[in-house]
Amino acid sequence: MTRRVGVVRFPGTNCEFDTIDAIRMLGGDAEILWHGDPSLKNVDAIVIPGGFAHGDYLRCGAIARFSPVMGAVASFAQEGGPILGICNGFQVLTEAGLLPGALQKNVGMKFLCSMQQVEFVSTQNILGRGSEVGDHLQIPINHFEGNYVCSPEVLSRIETREQIVFRYTDNPNGSTKDIAGVCNEAGNVVGMMPHPERATSALLGSSDGASVIKSFLS
Amino acid sequence: MHFEAKIEVSPRDGIANPEGSTIERALPALGFKTTHNVRVGKLIRLEVEAESVDVAQSLVEDMCNRFLTNPVIEDASVEVLEV
Numbered sequence: 097m098t099r100r101v102g103v104v105r106f107p108g109t110n111c112e113f114d115t116i117d118a119i120r121m122l123g124g125d126a127e128i129l130w131h132g133d134p135s136l137k138n139v140d141a142i143v144i145p146g147g148f149a150h151g152d153y154l155r156c157g158a159i160a161r162f163s164p165v166m167g168a169v170a171s172f173a174q175e176g177g178p179i180l181g182i183c184n185g186f187q188v189l190t191e192a193g194l195l196p197g198a199l200q201k202n203v204g205m206k207f208l209c210s211m212q213q214v215e216f217v218s219t220q221n222i223l224g225r226g227s228e229v230g231d232h233l234q235i236p237i238n239h240f241e242g243n244y245v246c247s248p249e250v251l252s253r254i255e256t257r258e259q260i261v262f263r264y265t266d267n268p269n270g271s272t273k274d275i276a277g278v279c280n281e282a283g284n285v286v287g288m289m290p291h292p293e294r295a296t297s298a299l300l301g302s303s304d305g306a307s308v309i310k311s312f313l314s
Numbered sequence: 022m023h024f025e026a027k028i029e030v031s032p033r034d035g036i037a038n039p040e041g042s043t044i045e046r047a048l049p050a051l052g053f054k055t056t057h058n059v060r061v062g063k064l065i066r067l068e069v070e071a072e073s074v075d076v077a078q079s080l081v082e083d084m085c086n087r088f089l090t091n092p093v094i095e096d097a098s099v100e101v102l103e104v
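For the record, the sequence lines run as chains A and B.
The first sequence begins at 97 in this note's numbering and counts up by one.
The second sequence begins at 22 in this note's numbering and counts up by one.
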C-alpha cells in the first residue's frame with residue numbers, strides 16, 4: 097500500500113514542494129498539512145521540511161513549536177508514527193523536545209550550501225532500512241544554524257542508545273562529534289541537517305538521498 | 022502593578038559561541054589586541070502586570086524556561102523593575 101505522508105507547512109517553510117516531489121517520485125503519496133490545523137488527516141508518516149518557520153524569530157523552531165499542528169505531531173511521535181525533520185524541521189523537533197540537543201550557528205559564521213559526505217552511524221531507526229552502518233552518502237546541506245550541541249550527559253546517552261544516525265565525514269559546521277542527524281530513543285523520530293530530498297537523482301548531483309526516503313516510506 | 026523586565030540571554034558556559042569567536046578574531050585587525058572571551062547573547066525587554074515584584078520575577082523566569090531561552094544552549098538573567 098502506498099504510504100501517505102503529511103508534509104507540514106509553517107509560514108516560512110520553503111522545501112515542502114521538493115519534499116513532496118521526492119516522495120511521489122519514490123512511490124509514496126504526499127500532501128501538505130497546514131501548521132494552523134491540528135488535524136494530521138490520517139497520514140501514515142510526517143515530514144517537517146526545511147525553510148524558515150515563523151521567520152526563525154527568537155530561535156530556529158522556537159515559535160513553530162506552538163503551532164496547533166505540533167500537539168498532534170507530538171502525539172503521533174508518542175504512538176510510534178514515523179517523523180522525519182529535515183534541516184529547519186530538525187530544529188523544530190529539537191525545540192519541541194521530540195529530539196535531544198539543539199542547533200546553533202555554524203562555526204565560522206557562514207551560511208553553508210554544499211554537497212557533504214555523511215556516514216550512517218546507526219540504522220536502528222526509520223531511515224536505516226536497506227542500509228548498513230558505515231555506508232557513505234552524498235547529501236547536500238543548506239543552513240546557517242546546523243551546529244549540533246548537547247550536554248556531555250545527553251551525548252553519552254545518545255551514543256550508548258545508538259541515537260546518532262549520521263555523522264559528517266568532514267565536519268562543515270562545528271557540530272559536536274560531527275553529528276549530522278539524530279533520532280529519539282524508539283527510532284521513529286529522526287532529524288537531519290542534510291537534505292535527502294535534494295539528492296534523489298544523478299541530475300541533482302547525487303541520488304544517495306533516495307535510499308533514505310525509500311526507507312522512510314517502507 | 023506594572024513592571025518592566027530586562028532579560029539577558031547568554032550562551033551557556035562550555036557551549037561554543039561562534040558569534041563571539043568571530044568578533045574576537047576580528048578585533049585585533051582594528052588594533053584591539055588585548056580583548057578576549059567575547060560572548061554574544063541577546064537582550065529582551067518586556068512589560069508585565071503582576072501583584073508584586075516577586076510574582077513578576079517568577080512569571081518572567083517561567084517564560085524564560087519555557088520559551089524565551091533554550092536551556093540546552095542558553096542561560097538567562099532576569100531584572101524586574103516597577104514602573
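For each residue, glycine too, the CB sits at the ideal point set by N, CA and C.
- Out of L67/B, R60/B, V99/B and S79/B, the CA that lies nearest to the CA of N38/B is found in R60/B.
- Collapsing the DSSP output to three states places H291/A in coil.
- With its beta carbon less than 9 Å from one in chain B, Q200/A belongs to the interface.
- Counting of Cβ neighbours within 10 angstroms places C156/A among the buried residues, the total reaching 16 or more.
- Under the Cβ criterion of 9 Å, P49/B is not counted among the residues facing chain A.
- As DSSP reads the structure, N238/A sits in a beta bridge with C209/A.
- Cβ contact annotation for E228/A (same chain, cutoff 8 Å, sequence separation greater than five): F216 and T219, in chain order.
- Any Cβ of chain B closer than 9 Å to the Cβ of C183/A would place that residue at the interface, and such an atom is absent.
- A distance below 9 Å separates the beta carbons of A149/A and G108/A.
- Shown in chain order are the members of the region 23-36 of chain B whose Cβ falls below 7 Å from a Cβ of chain A: I36.
- Between the beta-carbon of C111/A and that of G147/A there is about 6 Å, and that keeps the pair under the 8 Å contact cut.
- Around Q234/A, the same chain offers M211, Q213, A295, S302 and D304 as residues with beta carbons nearer than 7 Å, after the five sequence neighbours per side are excluded.
- Per the DSSP secondary-structure output, N243/A pairs in a beta bridge with Q200/A.
- Taking C-beta atoms as the reference points, V261/A and A276/A count as a pair closer than 9 Å.
- In this structure, E127/A lies away from A158/A, with their beta-carbon atoms at least 9 Å apart.
- The CB of V203/A comes closer than 8 Å to the CB of A37, P39 and S42 in chain B, given here in chain order.
- The alpha-carbon separation between V101/A and G124/A amounts to approximately 7 Å.
- Taking the Cα positions, I36/B is about 38 Å away from D117/A.
- Here G287/A is buried, its C-beta having at least 16 other C-beta atoms within 10 Å.
- Burial of V285/A is indicated by the presence of at least 16 other C-beta atoms within 10 angstroms of its C-beta.
- Under the 9 Å criterion on CB atoms, N221/A is classed as non-interfacial with respect to chain B.
- Identification of residues in the region 267-280 of chain A having a C-beta nearer than 7 Å to some C-beta of chain B yields G270, given in sequence order.
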